[in-house]
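This note's numbering applies: residue 150 is where the sequence shown begins, and numbers increase by one. As structure tokens, the structure follows; a few thoughts come after it.
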Amino acid sequence: MGQHPSKNIIKTGANKQQTVQSIKRSLNTGSSNDRAYSDYVNDTQDFAYIEVHRTIIAFISWKGDFIEYLWVSKKKRRKGYAKKLFDFYKNKHFTFSFYMTSKSKSFWERMVEINRETHRVQQVSEPIGEKMIWTRKLIL
């Protein structure tokens, strides 16, 4: 039976060093882009992740109000894990930002559409990439 995101609990790392090592192991079994990012994962970031059979299959990392990375194992993509992690993060932050890659653009466009009622999103072109700035709307 396959895993479904609603059956997986989002965890946050109590032992950051151990979490970093688990994430690096997961990235090192992924694509060349995943392996390259492994060098940038460090214990100054905060993480939330989904684990199946003691293997991290998806995670989101951030520093303060800036999302560093949202990653899902290639075999587990398009099953709702990225949305579940993003929802976890956005519900804990009033304002946040991140750089959008060309590969992730369609995902982020869907998230903007889904969250149109609750968040204002500003896109800014910067020399290093396209930045999205999200702000939760005040609902009275």
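For glycine and all other residues, C-beta sits at the position ideal for the given N, C-alpha and C. These figures come from a predicted structure and were not determined experimentally.
Exercise. At which residues does the beta strand (DSSP E) containing F247 begin and terminate?
Worked result: T244 to M249
Exercise. For the stretch 172-196, which segments carrying the alpha helix (DSSP H) assignment without a break, of at least 4 residues, lie completely within its bounds, in sequence order?
Worked result: 181-187
Problem set entry | Nonlocal neighbours in the same chain, by C-beta distance under 8 Å from I216, ignoring five residues either side | I209, S210, Y238, F245, S246 and F247
Problem set entry | Neighbourhood of A197 by C-beta, 8 Å cutoff - its chain only, sequence neighbours within 5 removed | I159, K160, T161, F208, I209, L234, F237 and Y238
Exercise. Once you ignore the five residues that flank V190 on each side, which residues in its own chain have a CB closer than 8 Å to its CB?
Worked result: V169, I172, K173, L176, S210 and Y218
For this session: For the stretch 212-282, list the alpha helix (DSSP H) runs that are entirely contained and at least 4 residues long, ordered along the chain.
Result: 230-239 and 254-263
Exercise. CA-CA distance, R203 and T178?
Worked result: 14 Å
Exercise. Going by C-alpha distance, which of E266, F243 and I288 is nearest I282?
Worked result: F243
Problem set entry | Distance between E200 and N164 (C-alpha atoms, nearest Å) | 15 Å
For this session: Please look up how many angstroms separate the CB atoms of E279 and M249, rounded, as I've assumed it's under 8 Å.
Result: 5 Å
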